[in-house]
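In terms of mature numbering (1 follows the signal peptide of the UniProt record, and there is no 0), the sequence shown is residues -24 to -1, 1 to 360.
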Amino acid sequence: MRRSRRRWLPALLLVTAAALGTGAVTVRRDSSDVLDASWGSRGDGYITAGGLYCQKCPAGTYLVEECKVQNSPGRCEPCGDGEFMEYPNAFLSCQECSKCREDQVQLSPCQPNRNTVCACKDGTFCPPEHPCEMCQKCQTRCPEGQKVLKPCTADSDLVCGPATDSGTLSSWVIGVIAAVALVVIILAIFGFCVWKRRCSSPEDGRTSSKGPYEMVSSMFRKLKYKSVNTGARDNDANEQREPEPEPPVTPPRTRPKWNLVPAPGEDPSQRLRGSFYTFARKVRTEHWKKFGRYLKLEENDVVTATSEDGVYEMLLKWQSREGSKASVNTLLETLDELHLGGVAESIASLLVHKGLFQHGAEGSSEQAAPPSFNLQPLNTSQNT
């Protein structure tokens, strides 16, 4: 009777609303409205016939009385003996535990939150993809010419496959090859002894009167003796041998050092800062951060090099760190280390062309002196 009232309640509400008009029914929607879509999305509760949202009973229990307050649990009782419930529920009773058949064995007894676990007895199986109405007997052995790939288990039959004796075959082939090689070596030694006729003592030079077996055995003993003595003599010789003089080490060829000096007439620091944008424009974007790391700048200073202004700021921090040691030649040599020698030459030529720097005297990094002129007396005798 209770279920029939639940079934007819929604229909009765709709008929009443249609008879009275839409204005006669007022629906209040708030955060606790059970008709809100968010309630239906919860998997841990259910809506009662009275419109309350109740939490389900946990696994191993069943519902005795529904909740009286919104979003609260009802009264639940644990399953009795021989009963179980595997998941949260709103059932009015637990399920009855299964019993293993005669052709099965029990792996785990029934518990309040888990059914009895049964499996087929040894020598039988039941495919998991089919209902296990009766366990089937496993094959006792594989057909002739096949071998066992997988033994019989409770859920699968004996699995057979073609027999491949690749390992045995390969071992047999290796053994045959080794035997043939040994026979060839013995025949070669025997032929050598017969040809030389010196398988006896090598000091007297007499012809050996030994048979083939004795000749081969004697040859093996001599080879073993000679190999041991030769190894010992080689070790002694290595210990007594004087160390060979090491070949002269050729010093690595150094790159030509850049020797640009600031042009006279302005502060050298200003000249150096005036070259920073030239470096930023000539060095390709993907080399900016690597350029900063080769100058041994901090990573926080290197990451700012994402634009020409960023490169300028990066080089400005490098100049501030180096102080009076900062030089345009250091920047050019760093480009050489990055295998950007062509870019370094282009920058040097451009800086000289702009008048910011000039080539210094060879072997000196000091500022180049202005050119001097020697006035010679005019020889008028050649013009007349």
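No residue lacks a Cβ here, since even glycine has one placed at the ideal position from N, Cα and C.
Asked                                                                                                                      : Found
Beta-carbon spacing of S84, Y38 below 8 Å                                                                                  : no
CB contact flag (Q295, R257, <8 Å)                                                                                         : no
Between the CA atoms of A139 and A157 - distance to the nearest angstrom                                                   : 31 Å
CB contact check: L311 to chain B, cutoff 8 Å                                                                              : Structure shown: chain B not included; a single protein chain is present.
Same chain only: Cβ atoms within 6 Å of N47, ignoring 5 sequence neighbours per side                                       : Y29
Whether L314 touches F255 by CB criterion (8 Å)                                                                            : no
W171 burial status per 10 Å Cβ neighbour count (16 or more: buried)                                                        : exposed
Close-in-space but distant-in-sequence residues of the same chain around V279 (CB under 8 Å, 5 per side omitted)           : K265
Beta-carbon proximity list for L125, same chain, < 6 Å, skipping 5 on both sides                                           : V135, G137
Three-pair Cβ contact test at 8 Å for the stretch 273 to 291 versus the stretch 321 to 333                                 : no
Under 8 Å between C-beta atoms of V304 and F333                                                                            : yes
As assigned by DSSP and simplified to three states, the class of Y63                                                       : coil
Where the beta strand (DSSP E) through E284 begins and ends                                                                : Run containing E284: none in the beta strand (DSSP E); it sits in the alpha helix (DSSP H), 284 to 298.
Beta-carbon contacts of T24 that lie in its chain and below 8 Å, excluding the five residues immediately before and after  : C30, E42, C43
R51, buried or exposed, once every other Cβ within 10 Å from all chains shown has been counted against 16                  : exposed
Identified DSSP bridge partners for H335                                                                                   : L236
Of the listed residues P104, T129, G121, nearest to Q115 (C-alpha basis)                                                   : T129
Close Cβ partners of F101 (< 7 Å) along its chain, the five nearest in sequence each way excluded                          : C111, Q112, C114, C128, T129, A130, D131, S132, D133
Own chain residues within Cβ distance below 8 Å of G121, not counting five before or after                                 : P138, A139
Extent of the continuous beta strand (DSSP E) run through A95                                                              : 93 to 96
Opening and closing residue of the beta strand (DSSP E) in which Q80 lies                                                  : 80 to 84
Distance between E62 and E109 (C-alpha atoms, nearest Å)                                                                   : 22 Å
Where Q46 falls: helix, strand or coil (DSSP)                                                                              : coil
Exposure of P238, with buried meaning 16 or more beta-carbon neighbours within 10 Å                                        : buried
Beta-carbon contacts of S251 that lie in its chain and below 8 Å, excluding the five residues immediately before and after : V304, L307, I323, L327, L332, F333
D20 vs P64 beta-carbon contact at 8 Å                                                                                      : yes
Residue from K301, V160, R269 whose Cα sits closest to the Cα of S245                                                      : K301
Cβ-based neighbour list, E53, same chain, cut-off 8 Å, excluding 5 preceding and 5 following                               : T37, Y38, V40
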